[in-house]
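Residue numbers (the numbering used here), protein chains in the order written: chain A, 1 to 290; chain B, 1001 to 1465; chain C, 2001 to 2315.
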Amino acid sequence: MSTVTPTADETRTEPSRVAVRDVLARIGRYVFLCVVLAFFALPLLWLATAPFDDTPTIAASLPQFTLDNFRALLDNPYAMTSLLNSVWLAGGTALLVVTFAALAAYALSRVRVPGRDALLYGLLLLSSIVTGTATMVPLFELAFRLNLIDSRLGVILILTGGLLPAAIFILKDFMDATPTSYEESARVFGASPLQIMRHIVVPVVRPGLATVGVWAVANVWGNFLVPFLLLRGPDKAPAAVIMYTLYTEGGQADLRLLSTFSLLYSLPVALMFVFVSSRYGFRFHGGIKR
Amino acid sequence: MSLTPKRVTGVLAAFTAVTLAATACGGSDEPAGKDAKNITLTISTNAIAGGKNSASAEWIEKWVIPRFIEAQKAKGVTAKVSFVPSGVDDEQYKTKLALDLRSKGGADVMSVDGIWVGEFAQAGYLKPLSEVAGDQADKWDGWSQIPESVQGLGTFEDKKYGIPQGTDGRVLFFNKKLFARAGLPADWQPKSWQEILDAGTKLKALPGVTPIQINAGTAMGEATTMQGALPLLVGAGGEIYKDNKWAGANQQVKDMLDFYAKVYGGGLGDPKLQQEAKGRDKSFAEFAAGKIGILAEGDYFWRGVVNPKDGVAKMPDRDTTVGWAMIPAKQPGAGIRGQDFVSMSGGGVDVLNPNSKFPAQAFELLAFMHSAEATKEQLAGAARITSRMDVNKEVLAGDPLLSFVAEKVLPLTAYRPPLAVYPQVSVALQEATADVASGKSVDEAASAYQKKVEGIVGGPGNVSS
Amino acid sequence: MVQVTSRPDETVEGAGPVTGPSPAPDAAGLGRARAAGFLVPSMVLILLFLVVPAAWTIYLGVTNYRLTGLAAANPEVVGLENYTRALSDERFRNSLVLTLQFVLGSAVIGQACLGFAIAYALRDRRGPLRRVVEAFILLAWILPSSVVAFLWIALLDRDAGTLNALLGMPGMAWLLDYPMLSIIIFNTWRGTAFSMMLYAAALENVPRSHLETARLAGASTGQQLRDVVFPRIRGHVLTNLLLISLWTFNDFSPFLITAGGPEQRSEILAVYVYKVALSGGELGFGAAISFIMLLINLVIALIYLRMLGRRKERA
């Protein structure tokens, strides 16, 4: 049992002193939260101003307001389709990751598999090297042998393989934390494991699934190397790849296009987050616990 | 795990089969070869419409492809030609090409940087043109228009691997207005390194002006090597790779580093700028804003940076304000081949994929892309140094800097060795310049460089000192 | 919402490293066969697209394979040469030290501590302030790294950066003079969301009455945290540290801000591998370094498990 072991002196603390301390603590907390807010909001300033600036520079400043940059971006033949491509890749990967990870996490949570934890840890560690640059030749060769070059499916499968261990790891903690009594009663009424999974487990761990889904989308959304190496041509290229093409011959950034595209590129994930968090809740509420 | 190995294999096999079926695309059974009536060709360059090298991408899509198809049609051949744009960092583009070629895939005609030719050939990714496309490659009439030295860009071990697109040269750009204020002539042409430093000392008197920008450090990447280290090295009479040996910490390398020490140690340059991730962009912006006196760059700077029309750091008064001079050797006659002035050059090359299904037609396309007409069309009114003398004669006449480079600089220029370890040696050079720029002694930087190069090229036996 | 069966006195058991015993094994009557069936899709994908390339990479690590040049045509097995070269390479060791600083500074101290502090400050708060704070923190987490990198370059720029403008100290070259500090703060900004969410969930497991009692008894915040909160969230702390350390250790995004510079002063291992493998084309050597990184990750994981996991009885 965890107990506080106050000193004799502190036990006799007068209520008023506690109250004063409370007020101070409250003020301190507000100040802290304001500082946190400033810290997290400050870097985003540039994204809010530069796209609307006539001649954006690296400095965030009050813009000479214009929408020309957006018009210029619309003229780029690949910018808009690339966002759609990103949606396909990210959506597909997130779907596979969430579905497969949920199934696996549930099985690992409910059935004792020998060496389960060691397996999970091992895979988690492996996933950390497979995302690195050194693996690009094996990944490419593999995709080539499986005839997955220039295939969206190939990108989705490779990214899914890389994200699954961490997703299973996180979701298993969620599953471990959910009570099993409903499952037991459903089983008494003759529900199959898949039915139990769909109707009882999934609703309970939904915030966890949503979180893992958003995490997967964010990961794919920013991934450059895998789609770049596997896909041919910009018709299938996601926004992460197209973002890198907005430079000049000498490698100089075209800030007008780049800032505007950055904003458009960021919006979908931001909107998705707002949607998911209002619809499903977005937190590890009750999850990742032991 | 309760999965038996057999089941795993079964599942794997089934899975693979599904993926294969899902992604397999219909291959054509058309007869390949020289007399095919239906051909499919692909072009790949590191260019993309609306992004990097946009004009070049548009030229391929809107001019080359339709014209080529038309020309083939006249011969009774139905050609399907597609373009795979890229437009990313050169290193990434190179990686992708190498992976493609390694798996015997990739476009039929692709452009590469000239210095990749050797390493790609050594890896077996590329084959000599005549081996891929037969006699016609050697007989192409365009070769007579391309100077020998420029042909060298696409040549490795005396075999031609591709047709060069064009080349460039390096000069010292300077701001005539600042020069006037510092009492320096508008037709400045230094004859030794000391004269550059002297001009820098005079410019230093102007407030808010960085006298000299000569790229240093790793943040600038290859720009440090091409615009700084190598021009200085050849100016000291050294070569980075000669007689199968790489230059170690020899006297010429030390001379080069000593020049850096005088610029950055003597307060004539801004050492911080060399370290910044976007330092080169900034040096451009500062030059355009009249804050840099002398800047060593390639002709790209004139065409693409301070170009009042579409540069990234436009200078509306470019034509009157920006002056240029050849890069001098350390002293007159001290440069390689006993030259008084030096330069370095590079350039792109278009090559054929040895795995092309229609190699003969791929060469036809390649030759078509390098015809005088196509080359002129690619420029789209802008001037730059192409590989063809006939085109250069026409298009460079209107541009003083480019004709200067073509006439005065290119005859003196030198090229980098197209070998796989070159990029690493280049980084070692950059690191040595960074050491000196940030205050280390020349000897210290040189011996660290020597050690690195020995590690890179496989021991002291391959390094000259 | 989920009601967590809160068992305040539950302690971490030694059986499974982090993940303790399943709550009630096999409540849904899955059975081993069907459980295996549930695992198959994940395991197939993981085997094919994770284990195979990983094993392949480990193999590349004992060759002199390069992307181009002669060594691309005929790679040779060179045994442990890559490893001895890496371990005797000053640049590698420098990179390793920087990476450990990066993990300690940005993951353990930055993300975990700041994440906890925010979660603690917001623990019984509802309403707009909480939502706005959380939204910004999460935004930093989900935006693509190429965009985020640009934002930080804009923030920290020497001449025109927003920070220098605010502080009124133009010319302060944060990225050049304090490259490690810059990327540590950057990564704290980038990844705090995960820790915050995790600790927010964890704190819900701490009964409010216990905290209240302690507070009324006059325990300072530090004492409350040590005696009431920490024992109940020990498992979360472990999961959190494990994941964020792993992610941070292999994080490549600082490259987009400092490119490892100036002069390799922010060249963490992920950046080093990128330079070796992609810029230098030395895939064999790069693969060997990746494998060393994997081993170091393993050691870090074991240290965490030692410190936080294997506690049968609380002292």
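Glycine included, each C-beta is placed from N, C-alpha and C at the ideal position.
Taking 8 Å as the upper bound for CB-CB distance, alanine 2287(C) and glycine 2061(C) are in contact here, some 4 Å apart. Contact annotation for glutamate 1091(B) against chain C: Leu2278 and Ser2279 [CB-CB distance below 7 Å, chain order]. Here glycine 1221(B) has no same chain residue with a Cβ atom under 6 Å from its own Cβ, once five neighbours each way along the sequence are excluded. With contacts defined by Cβ atoms closer than 7 Å, leucine 1410(B) and alanine 1383(B) do not form a contacting pair. Neighbours of arginine 2032(C) in chain A, taken as residues whose beta carbon is under 7 Å from its own, are Val111 in chain order. Using a Cβ-Cβ cut-off of 7 Å, isoleucine 149(A) is close to nothing in chain C; its nearest Cβ partner there is about 14 Å away. With a cut-off of 8 Å on Cβ pairs, the segment 1349-1367 of chain B is in contact with the segment 1037-1049 of chain B, counting three or more such pairs. DSSP links alanine 253(A) through a beta bridge to Tyr247(A).
Along the segment 1411-1442 of chain B, the beta strand (DSSP E) occurs as fully enclosed runs of 3 or more residues at 1413-1415, listed in sequence order. DSSP, read as helix, strand or coil, puts glutamate 1297(B) in strand. As the crow flies, the alpha-carbon of leucine 2298(C) is around 41 Å from that of aspartate 1281(B). Of all C-beta pairs linking the segment 177-196 of chain A to the segment 149-162 of chain A, fewer than three are shorter than 8 Å, placing the two stretches out of contact. One finds Thr245 in chain A with Cβ atoms closer than 7 Å to the Cβ of glycine 1087(B), taken in chain order. Identification of chain A residues near lysine 1062(B) by a Cβ-Cβ cut-off of 7 Å yields none; the smallest Cβ-Cβ distance measures about 12 Å.
Taking a beta-carbon distance threshold of 7 Å, arginine 116(A) does not count as an interface residue toward chain B.
When the alpha-carbon of tyrosine 2274(C) is set against those of Ser262(A), Leu83(A), Thr133(A) and Leu103(A), the nearest one is in Thr133(A). In the DSSP assignment, no residue is bridged to aspartate 2089(C). Close to chain B, meaning a Cβ-Cβ distance shorter than 8 Å, are the following residues of the segment 57-80 of chain A: Ile58, Asp75, Asn76, Pro77, Tyr78 and Ala79. With distances taken between CA atoms, leucine 2138(C) lies nearest to Thr2192(C) out of Thr2192(C), Glu2076(C) and Leu2181(C). Distance from the CA atom of aspartate 2159(C) to the CA atom of methionine 2172(C), rounded to whole angstroms, is 8 Å. The beta-carbon separation of serine 1465(B) and glycine 1248(B), rounded to 4 Å, stays under the 8 Å limit for a contact.
Its chain contains Phe1259 and Lys1330 as the residues whose beta carbon lies nearer than 6 Å to that of tryptophan 1193(B), once the 5 sequence neighbours on both sides are disregarded; these appear in chain order.
No Cβ of chain B is located within less than 7 Å of the beta carbon of glycine 2284(C). Within the segment 2042-2076 of chain C, the runs of alpha helix (DSSP H) that reach at least 4 residues and sit entirely inside it are, in chain order, 2052-2060 and 2070-2073.
Closer than 8 Å at the C-beta level to chain A, one finds no residue of the segment 2076-2109 of chain C. The continuous stretches of beta strand (DSSP E) do not include glutamine 64(A), and DSSP gives it neither H nor E. Sequence-distant Cβ neighbours of alanine 1074(B) in its own chain, meaning closer than 8 Å and more than five residues away, do not exist here. Here alanine 72(A) has Arg256, Leu257 and Thr260 as same chain residues with Cβ atoms under 8 Å from its own Cβ, once five neighbours each way along the sequence are excluded. Just so you know, the alpha carbons of valine 2133(C) and isoleucine 2109(C) end up roughly 20 Å apart. In this structure, DSSP gives proline 1328(B) an extended state, which the three-state scheme calls strand.
For methionine 1110(B), the uninterrupted beta strand (DSSP E) run begins and ends at 1109-1113, by DSSP.
Nearest to alanine 143(A) by C-alpha distance, out of Cys34(A), Leu42(A) and Leu231(A), is Leu231(A). When the beta-carbon positions are compared, alanine 1223(B) and threonine 2258(C) stay at least 7 Å from each other. In this structure, glycine 1114(B) and valine 1349(B) form a Cβ contact; the two beta carbons are roughly 5 Å apart against a cut-off of 8 Å.
If you draw a straight line from the Cα of glycine 2260(C) to the Cα of serine 2088(C), it is about 20 Å long. The C-alpha of tyrosine 1241(B) is placed about 24 Å away from the C-alpha of proline 2075(C).
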